[in-house]
Every structure is written in structure tokens, then in C-alpha cells.
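*Asks:* Sharing a structure below in C-alpha cells format, with a few things to ask.
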Amino acid sequence: GAGVSQSPRYKVAKRGQDVALRCDPISGHVSLFWYQQALGQGPEFLTYFQNEAQLDKSGLPSDRFFAERPEGSVSTLKIQRTQQEDSAVYLCASSKILSSGNTIYFGEGSWLTVV
Amino acid sequence: GQNIDQPTEMTATEGAIVQINCTYQTSGFNGLFWYQQHAGEAPTFLSYNVLDGLEEKGRFSSFLSRSKGYSYLLLKELQMKDSASYLCAVRERGQAGTALIFGKGTTLSVSS
Numbered sequence: 217g218a219g220v221s222q223s224p225r226y227k228v229a230k231r232g233q234d235v236a237l238r239c240d241p242i243s244g245h246v247s248l249f250w251y252q253q254a255l256g257q258g259p260e261f262l263t264y265f266q267n268e269a270q271l272d273k274s275g276l277p278s279d280r281f282f283a284e285r286p287e288g289s290v291s292t293l294k295i296q297r298t299q300q301e302d303s304a305v306y307l308c309a310s311s312k313i314l315s316s317g318n319t320i321y322f323g324e325g326s327w328l329t330v331v
Numbered sequence: 591g592q593n594i595d596q597p598t599e600m601t602a603t604e605g606a607i608v609q610i611n612c613t614y615q616t617s618g619f620n621g622l623f624w625y626q627q628h629a630g631e632a633p634t635f636l637s638y639n640v641l642d643g644l645e646e647k648g649r650f651s652s653f654l655s656r657s658k659g660y661s662y663l664l665l666k667e668l669q670m671k672d673s674a675s676y677l678c679a680v681r682e683r684g685q686a687g688t689a690l691i692f693g694k695g696t697t698l699s700v701s702s
């Protein structure tokens with residue numbers, strides 16, 4: 217597609233509910249990233265894929281967070297048993313093969329509110 | 591790991607010039623990016639520096655000094671639409687997981 221597409225754009229979840237957030241990266245982009253952005257803060261790195269391989273998941277805040285990219289294109293970020301502190305915007309980004317100068321392009325984010 | 595610092599807020603008037611500073615500490619520098627983010631929207635790429643010096647792109651310029659761990663974004667001829675958050679981000683040299691690490695962002699308010 218023309219840009220990084222994320223769905224849903226907005227999600228309200230009850231505490232304890234599981235949620236799944238989808239990211240469709242730019243066609244042909246090998247690298248895919250998930251970030252979490254709280255209000256008034258910069259994006260915080262969660263995890264990184266190169267094709268279907270999850271090469272870095274050091275930013276996932278707990279074992280309730282899980283991401284996958286089984287066929288090397290679309291990715292899903294799953295949050296189990298959501299808590300209020302999970303309320304944030306979840307940004308997906310993609311880029312061509314990772315090298316120092318390749319720009320990372322962001323989607324518009326999935327806004328998660330846990331009530 | 592990295593430590594990236596930038597001012598929280600800045601204000602300026604239309605037509606003016608503003609400089610947003612960013613300092614960073616990293617174990618293996620591999621590039622610095624500036625992004626613009628309007629409220630409720632995705633961050634959009636502005637500039638990239640990997641070597642020392644000034645990169646100019648229209649009204650926006652970005653400077654890097656690797657020895658000082660310092661960068662700035664210079665915005666000229668400010669317009670109201672430049673009101674946004676400006677994010678400094680650093681990429682570390684490494685194997686896998688060379689994602690961009692972002693500062694907290696500088697909220698710029700441009701008034702008439």
C-alpha cells in the first residue's frame with residue numbers, strides 16, 4: 217500500500233480484556249517496528265521484525281505483550297489482560313532493509329484506552 | 591543504551607527562526623533523525639544526519655556534532671502550521687534491533 221496502515225484506529229477495552237492491533241506495512245518493506253507512545257511523550261520502542269523474524273523484543277513491557285509477523289508482511293500486536301497503564305497510542309513503522317540511512321515510516325497509530 | 595534530551599516546550603512567532611536542541615549519549619552512534627508530529631497524527635520524517643555538519647532542506651536544517659553528542663533542528667520563516675512536536679531520534683550501531691530510540695519530543699507553539 218501507499219503507507220503504513222493500522223487498525224483499529226481507536227479501541228476501548230475493559231480492564232482484563234485481550235486486544236489485537238494490526239499493522240500492514242508499506243509493500244516490500246523488510247523491517248517492521250512497534251512503538252508505544254503515551255500522551256505528551258516520545259515513542260518508546262517495543263519490538264522489531266526483519267521479515268518474519270522477531271529480532272528484538274527488549275522493549276515489550278511485560279509477558280502480556282506479544283507480537284508476530286508470521287508471513288513477513290502484516291504484523292499483529294496482542295495485549296492480554298489489559299491494564300489501565302496500557303492506555304497509549306501504539307505506532308507501527310516500517311522501512312526497507314535496515315541500514316543507517318533508511319527512513320522509518322510510521323502509521324497513524326492505534327489509540328487504546330483501557331477503562 | 592541511549593539517553594536523549596531535548597527541551598519540553600518552545601514558543602515562537604510567525605516568521606521567526608527557532609532552534610531545537612538535542613543531546614544524546616550512545617554506545618555506538620549510527621545516525622540521528624528528526625521527526626515532526628502533529629497532535630493525533632503519525633510522526634513524519636524531516637531529516638537525517640550521520641556525518642558532522644549541516645543538512646539543509648528548504649525551511650528546515652539539521653546539524654550534527656558527533657564528538658559533542660549534539661544536534662539541532664533549525665526552522666526558518668516559521669508558519670502557524672509548524673506548531674507540532676519535534677522528535678529527535680538516534681540509531682545505534684549494532685546487529686539486530688537497531689530501531690530508532692526517541693527523545694520525549696519538543697512541543698513548539700507558533701503564534702501570530
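Chains as they are written, first to last, in my numbering: chain A, 217 to 331; chain B, 591 to 702. We put the beta carbon where it would ideally sit given N, CA and C, even for glycine. Small disclaimer: the values here were computed from a predicted structure and weren't measured.
State the DSSP-derived secondary structure class of Q609/B, mapped to helix, strand or coil.
*Replies:* By one-based count along the second sequence, residue 609/B stands at place 19. Strand.
*Asks:* Can you say whether Q669/B is buried or exposed, counting buried as having 16 or more other CB atoms within 10 angstroms of its CB?
*Replies:* Counting from one through the second sequence, the residue named residue 669/B turns up at place 79. Classification for Q669/B: exposed.
*Asks:* Given S655/B, which residues of its chain have a CB within under 8 Å of its CB, disregarding the five upstream and five downstream residues?
*Replies:* Counting from 1 along the second sequence, the entry for residue 655/B is found at position 65. If we look at S655/B and ignore the five residues flanking it on each side, its Cβ neighbours are D642 and S661.
*Asks:* Ignore the nearest five residues each way along the sequence and tell me which others in G621/B's own chain have a CB closer than 8 Å to its CB.
*Replies:* For the purposes of this step, residue 621/B is identified with residue 31 of the second sequence, where counting begins at 1. These residues qualify, in order along the chain: Y638, N639, V640, V680 and R681.
*Asks:* Any idea what DSSP makes of D279/A, helix, strand or coil?
*Replies:* Along the first sequence, read from residue 1 onward, the residue named residue 279/A stands at position 63. In the structure shown, the three-state DSSP call for D279/A is coil.
*Asks:* F635/B versus chain A: which residues are under 9 Å apart at the beta carbon?
*Replies:* Translated into positions along the second sequence, residue 635/B becomes position 45. Within chain A, the residues near F635/B are T319, I320, Y321 and F322.
*Asks:* Over what stretch of residues does the beta strand (DSSP E) that includes V700/B continue unbroken?
*Replies:* Mapped onto the second sequence, residue 700/B falls at position 110. First-last of the beta strand (DSSP E) with V700/B: T696 to S701.
*Asks:* Along the chain, where does the beta strand (DSSP E) that runs through E301/A open and close?
*Replies:* Residue mapping note: residue 301/A aligns to position 85 of the first sequence, counting from 1. Where E301/A is concerned, there is no enclosing beta strand (DSSP E), given that its DSSP letter is neither H nor E.
*Asks:* The segment 635-663 of chain B: which residues have C-beta closer than 9 Å to a C-beta of chain A, in chain order?
*Replies:* Of all residues in the segment 635-663 of chain B, F635, Y638 and V640 have a Cβ within less than 9 Å of some Cβ in chain A.
*Asks:* Can you pull the chain A neighbours of I691/B, defined as C-beta to C-beta under 7 Å?
*Replies:* Residue mapping note: residue 691/B aligns to position 101 of the second sequence, counting from 1. Correct list: F261.
*Asks:* Which residues mark the beginning and the end of the beta strand (DSSP E) in which V228/A is found?
*Replies:* Locating residue 228/A in the first sequence gives position 12, counting from the first residue. From DSSP, the beta strand (DSSP E) with V228/A extends over Y226 to A229.
*Asks:* Just to make sure I have the definition right: I need the residues of chain A whose C-beta is within less than 7 Å of the C-beta of K694/B. Which are they?
*Replies:* Position 104 of the second sequence, counted from the first residue, corresponds to residue 694/B. Those within 7 Å of K694/B in chain A are Q257 and G258.
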